[in-house]
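Undergrad: Just so you know, the sequence shown maps onto residues 200 to 702 in this note's numbering.
The beta-carbon is built from N, C-alpha and C at its ideal position, and this holds for glycine as well.
Computed from a predicted structure; not experimentally measured.
After the structure tokens below, expect a handful of questions from me.
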Amino acid sequence: MENSNLKKLIIVGGGSAGWMTAVYLNRVLNHSKKNFDITVIESPDIGVIGVGESTVHSVRHFFAGMGLDEFELVRETNASFKLGIMFDNWRKPENGKMHRYFHPFEQMQLGVEQDLATQWNLQKSSDGKRYDEWVSASQALLEKGHGPKNDQSHQYQGAVPYGYHIDAVLLGRYLRRKGVEAGITYVEATVSDVNVVDGNIESVETNEERYSADFFIDCTGFRGVLIGALKKDNWVSFKDALPCDRAVAMQSPLEPDEIPVPFTTATAMDHGWAWKIDLNNRRGFGYVYDSAYLSQEEAEQALRAHVGPDRNFTKCVHMRFRTGCREETWVGNCIATGLAGGFIEPLESTGLHLINLAAGLMGTHLLSLDRPDAARRSFNRLMSAFYQDLKQFIVLHYCLTDRDDTPFWQNAPATVDHCEWLKDQLEVWKHKTCEFYDLAGSSSSIFSDENYRYVLYGMQHYPDLDLNLDTEDLSVFETAQKIRATALARTEPMEDYLRSLAI
Ligand SMILES: Cc1cc2nc3c(=O)[nH]c(=O)nc-3n(C[C@H](O)[C@H](O)[C@H](O)COP(=O)(O)OP(=O)(O)OC[C@H]3O[C@@H](n4cnc5c(N)ncnc54)[C@H](O)[C@@H]3O)c2cc1C
200 MENSNLKKLI IVGGGSAGWM TAVYLNRVLN HSKKNFDITV IESPDIGVIG
250 VGESTVHSVR HFFAGMGLDE FELVRETNAS FKLGIMFDNW RKPENGKMHR
300 YFHPFEQMQL GVEQDLATQW NLQKSSDGKR YDEWVSASQA LLEKGHGPKN
350 DQSHQYQGAV PYGYHIDAVL LGRYLRRKGV EAGITYVEAT VSDVNVVDGN
400 IESVETNEER YSADFFIDCT GFRGVLIGAL KKDNWVSFKD ALPCDRAVAM
450 QSPLEPDEIP VPFTTATAMD HGWAWKIDLN NRRGFGYVYD SAYLSQEEAE
500 QALRAHVGPD RNFTKCVHMR FRTGCREETW VGNCIATGLA GGFIEPLEST
550 GLHLINLAAG LMGTHLLSLD RPDAARRSFN RLMSAFYQDL KQFIVLHYCL
600 TDRDDTPFWQ NAPATVDHCE WLKDQLEVWK HKTCEFYDLA GSSSSIFSDE
650 NYRYVLYGMQ HYPDLDLNLD TEDLSVFETA QKIRATALAR TEPMEDYLRS
700 LAI
């Protein structure tokens, strides 16, 4: 017998956004009883963006929530593990040495009275080590080439929080297979028209046929085919704060003697920054830049020079993008997510994270479709706040630079003028340690006070503490060193772990 309450949900787009959202919602909304009939429509003619290969750590909880087997996921997507991001060259060199700091995912919990960061700020001149070299267990692991796990580790668990370096195209294919196995309908067709009645989408036209639904999710990437048909002038630009608007990406196989590195590298270049991301089988490079200063050809040339002459590339793609987000990601009976919803430049790998956030909120908000207006307003408020918060965190990386070698870097400090909260906080953090409560009123979806500290102190924005505290007490650092040593003992070289997974 047909279930008359069954709601029909159509997702248009089969990139990471489409399939992550589809598989997650199918798991959450149809887990005990089929409430939604879910269809994914994907164009066979329009490709996926094919980047988005470095993730934050929380995405593994999302994958777990989707019911995915981590070993299978890693094997099928040629994934490797990520402990954080190494930032190179974001300030001027000092004494002929390139500036460098590491931003891991973890927050070390010591349970001591005086916080570790304040202690470190009082001690820092004594040995010249960076903040992350003192307090991060992940940093201890990467020094030895260890990943976050050993062959006894449970799925999605490690000695420290971790993300992935993952093949974006294979992830889409893998999720499509899992989705179809779980009962999601898959249609290969291109949406050519969107039929809107009274501010809601009634149906979409494709080259095959017309598809109607109660609710639509727009995952058509930068095109925003559905959301664009519902509302014009629905874009909040972040261009003033985040001026980069182009990227060139290249891929190269790992040589037999190359071992995947367990972190992303983000190297500041003349007019932007370059990523290096190691999967289990290949190395990806990209240059994110501001087209006001650099042509496509110059960017490709600069990236090739940065990588060095010895690598062979199998793929080179140029991309344009705009940073910002929809003023309303939910309009009428449609939510836009992934690149259709907005884009923060990829410096902290937040693309898949935003898809994860939106899917999580859909899982809760779509249950209240009977009161759509309140649910819609709530969803839009939250998503907008997440985008604004992430924008400020990315600006933090740029605005503290002392580089002045190109107009791009000369303009970087002024980007903070477009982030009111951050500008104020940076003044406060000149005189005190960054602490939990500083972010308590914000809409931080993932980056906590500890993440801010790694970037602040990595970029040498230290507080001018002049308290007469007992700076001889090193016990807090001894505890930190023990935690680092324990993490090292609980993990193994990433090469060994990845090899054990392949069996
Ligand atoms: C330079 C760059 C680097 C990035 N790096 C990272 C990173 O390191 N980490 C991270 O998390 N994120 C990153 N991102 C973001 C990440 O790539 C995206 O968030 C993610 O891939 C999701 O893309 P998507 O599915 O929204 O869009 P796409 O991959 O573009 O997919 C769009 C889908 O819509 C379909 N489609 C389009 N039009 C139609 C139509 N008319 N009818 C039917 N189907 C249609 C297409 O066929 C395709 O399947 C990066 C983005 C860029 C631009």
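DSSP has VAL403 in a bridge; who is on the other side?
TA: VAL393, TYR410
Undergrad: Within a Cβ cutoff of 6 angstroms, which residues of the same chain sit near PRO442, ignoring the five residues on either side of it in sequence?
TA: ASP489
Undergrad: Any heavy atom of ligand 3 closer than 7 angstroms to the Cβ of ILE210?
TA: No copy of ligand 3 appears in this structure; the ligands present are ligand 1.
Undergrad: Excluding the five sequence neighbours on either side, which residues of its own chain have a C-beta within less than 7 angstroms of the C-beta of MET200, listed in chain order?
TA: Summary for MET200: the model assigns pLDDT 42, below 50, so the residue's position carries little reliability, and this model does not support an answer.
Undergrad: Quick check on the burial criterion: 16 or more other C-beta atoms within 10 angstroms. Buried or exposed for ALA278?
TA: buried
Undergrad: Rounded to the nearest angstrom, what separates VAL250 and VAL368 at their Cα positions?
TA: Between VAL250 and VAL368, the C-alpha separation is close to 8 angstroms.
Undergrad: Based on the DSSP output, what are the partners of VAL386 in its beta bridges?
TA: ILE240
Undergrad: Quick one: what's got a C-beta closer than 8 angstroms to TYR330's C-beta in the same chain, skipping five residues either side?
TA: TYR300, ALA316, TRP319, LYS323, ARG652, TYR653, TYR656, GLY657
Undergrad: For ASP287, report the span of its beta strand (DSSP E) as first-last.
TA: 283-287
Undergrad: Pair every Cβ in the stretch 337-344 with every Cβ in the stretch 392-402, then say whether three or more of these pairs are closer than 8 angstroms.
TA: no
Undergrad: Three Cβ pairs or more, each shorter than 8 angstroms: is that satisfied between the stretch 433-449 and the stretch 550-567?
TA: no
Undergrad: In chain order, which alpha helix (DSSP H) runs of at least 4 residues are fully inside the stretch 243-305?
TA: 258-264, 269-275
Undergrad: Do THR536 and LYS438 have their CB atoms nearer than 8 angstroms?
TA: No, the pair does not count as a contact, with Cβ atoms beyond the cut-off.
Undergrad: Could you tell me the distance, in whole angstroms, from the CA atom of ARG274 to the CA atom of LEU700?
TA: Answer to the nearest angstrom: the Cα atoms are 7 angstroms apart.
Undergrad: To which residues does DSSP link GLY362 through a beta bridge?
TA: LYS281
Undergrad: For SER494, which of SER647, THR549, HIS517 has the nearest alpha-carbon?
TA: Of SER647, THR549, HIS517, the residue nearest in Cα terms is HIS517.
Undergrad: Using CA atoms only, rank isn't needed, just tell me which of ILE426, GLU454, VAL530, GLN500 is closest to HIS470.
TA: For HIS470, the nearest C-alpha among the options comes from GLN500.
Undergrad: Would you mind working out which of LYS430, GLU293, GLY378 sits nearest ILE210, comparing C-alpha positions?
TA: GLY378
Undergrad: Kindly give me the distance between the Cβ atoms of ILE543 and LEU599, rounded to whole angstroms, as I take these residues to be in contact under 8 angstroms.
TA: About 18 angstroms separates the CB atoms of ILE543 and LEU599; that is not less than 8 angstroms, and the two are not in contact.
Undergrad: Check this for me: beta carbons of ARG525 and ILE426, under 8 angstroms apart or not?
TA: Going by C-beta atoms, ARG525 is nearer than 8 angstroms to ILE426.
Undergrad: How close, in whole Å, do the beta carbons of SER257 and HIS552 come, if the pair is a contact with beta carbons under 8 angstroms?
TA: 7 angstroms
Undergrad: Would you mind listing the alpha helix (DSSP H) stretches within the stretch 433-520 that are 4+ residues and don't spill past its ends, in chain order?
TA: 495-506
Undergrad: Is the beta carbon of ALA428 sitting closer than 8 angstroms to the one on GLU407?
TA: no
Undergrad: Classify GLN450 as buried or exposed, calling it buried when 16 or more other Cβ atoms lie within 10 Å of its own Cβ.
TA: By the 10 Å Cβ count, GLN450 comes out buried.
Undergrad: Comparing C-alpha positions only, which one of ILE240, ASP604, TRP620 sits nearest to CYS418?
TA: ILE240
Undergrad: Excluding the 5 residues preceding and the 5 following LEU228 in the sequence, name in chain order all residues of the same chain whose CB lies nearer than 6 angstroms to its CB.
TA: ASN234, PHE235
Undergrad: Which one of LYS629, ASP648, SER644 has the shortest CA to CA distance from ASP637?
TA: ASP648
Undergrad: Any beta-carbon of chain D closer than 8 angstroms to the one on GLN587?
TA: No chain D is part of this structure, which consists of one protein chain only.
Undergrad: Taking the C-alpha atoms as reference points, what is the distance between TRP218 and MET693?
TA: 28 angstroms
Undergrad: Does DSSP put HIS345 in a helix, a strand or coil?
TA: In the structure shown, the three-state DSSP call for HIS345 is strand.
Undergrad: Could you tell me whether the stretch 626-637 touches the stretch 291-299, where touching means 3 or more Cβ pairs closer than 8 angstroms?
TA: no
Undergrad: Beta-carbon within less than 8 angstroms of ASP663's beta-carbon, same chain only, minus the 5 sequence neighbours each way: which residues are those?
TA: LYS629, HIS630
Undergrad: Check each candidate in ASN532, LYS514, ASP244, LYS622 and name the one with the smallest Cα separation from ASP569.
TA: ASN532
Undergrad: What whole-angstrom Cβ distance do THR513 and PRO452 have, given they're in contact under 8 angstroms?
TA: Between PRO452 and THR513 the Cβ distance is about 7 angstroms, and since that is below 8 angstroms, they are a contact.
Undergrad: Check whether the Cβ of SER253 lies closer than 7 angstroms to any heavy atom of ligand 1, and answer yes or no.
TA: yes
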